[in-house]
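Participant: Structure in structure tokens, see below.
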Amino acid sequence: MQKKSMDALERTLRQASAAGAGFLGQDERRLAVILRADGGAVRRRGLTNARIARRLLALRQAGWEGLGEPVSAPPHCEVCVDAARGTLPCPFGDRGSFAKVNTTVRNLASGQKITFSDLNIHLIAAHGFYEGRGAQFRLDPEQLMDTLEMGTIKKHDGIH
Ligand SMILES: [Zn+2]
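Start counting the sequence shown at 83; every next residue gets the next number (the working numbering).
Below you can see the structure in the form of structure tokens.
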């Protein structure tokens with residue numbers, strides 16, 4: 083992350099733009115609280131943001147090969163990639179921008195579905211940020227991990 087202060091960053095993320103209601107949606111929690119809560123959900127499943135981002139990227143690449151047609155992905159998912167013109171900058175102030183490519187993954191066994199953008203993948207990989215509740219591209223980590231059948235749910239922390 084660059085030198086932007088946490089407060090300035092939070093203001094930027096809350097700002098509505100032509101593209102939608104901002105990255106925090108209606109979430110009134112502080113950015114630090116959102117990051118902590120989502121990070122905790124990921125850790126509880128024995129996962130890391132990096133692993134989740136890598137899986138999302140792999141699905142995006144697999145789906146991309148389908149050129150708009152659905153592609154199968156393990157364990158029993160269907161991936162569809164849809165690209166629009168233009169790019170989006172990272173709101174955290176990183177250099178570079180991200181193609182407006184949206185990947186939709188459907189778990190055919192459970193019926194669950196998630197949609198994520200290339201920017202989402204970067205936000206998770208680089209910032210551990212899944213966006214705020216109510217944001218158009220909020221990716222709830224629990225829902226994400228359930229849909230992709232990732233990680234293990236620990237019943238309790240016993241002796242290893
Ligand atoms: Zn960034």
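Positions of the beta carbon are idealized from the N, C-alpha and C atoms, including for glycine.
(1) If you compare alpha carbons, which of Asp-176, Pro-156, Gly-121 and Ala-181 is closest to Gly-168?
(2) Compute the Euclidean distance between the alpha carbons of Gly-121 and Leu-205, then round it to the nearest angstrom.
(3) Any heavy atom of ligand 1 closer than 7 Å to the beta-carbon of Asp-176?
(4) Give me the DSSP bridge partner(s) of Lys-182.
(5) What do you reckon, is the C-beta of His-158 under 7 Å from a heavy atom of ligand 1?
(6) Below 8 Å between beta carbons: does that hold for Val-211 and Leu-91?
(7) Given this structure, state the Cα-to-Cα distance separating Gly-233 from Ala-207, to the nearest angstrom.
(8) Please classify Ser-154 as buried or exposed, where buried requires at least 16 other C-beta atoms within 10 Å of its C-beta.
(9) With a threshold of 8 Å on Cβ separation, who are the neighbours of Ile-196 within its own chain once the five nearest residues in sequence on each side are excluded?
Facilitator: Reading it off the structure:
(1) Checked all of Asp-176, Pro-156, Gly-121 and Ala-181; the closest Cα to Gly-168 is Ala-181.
(2) 13 Å
(3) Yes.
(4) Answer by DSSP bridge pairing: none, since Lys-182 is not bridged.
(5) no
(6) It is worth fixing the name first, because residue 211 is Phe in this sequence and not Val. No, they are not a contact pair.
(7) Rounded to whole angstroms, Gly-233 and Ala-207 show a C-alpha spacing of 17 Å.
(8) exposed
(9) Cβ within range, chain order: Thr-186, Val-187, Leu-221, Gln-225, Leu-226, Thr-229 and Leu-230.
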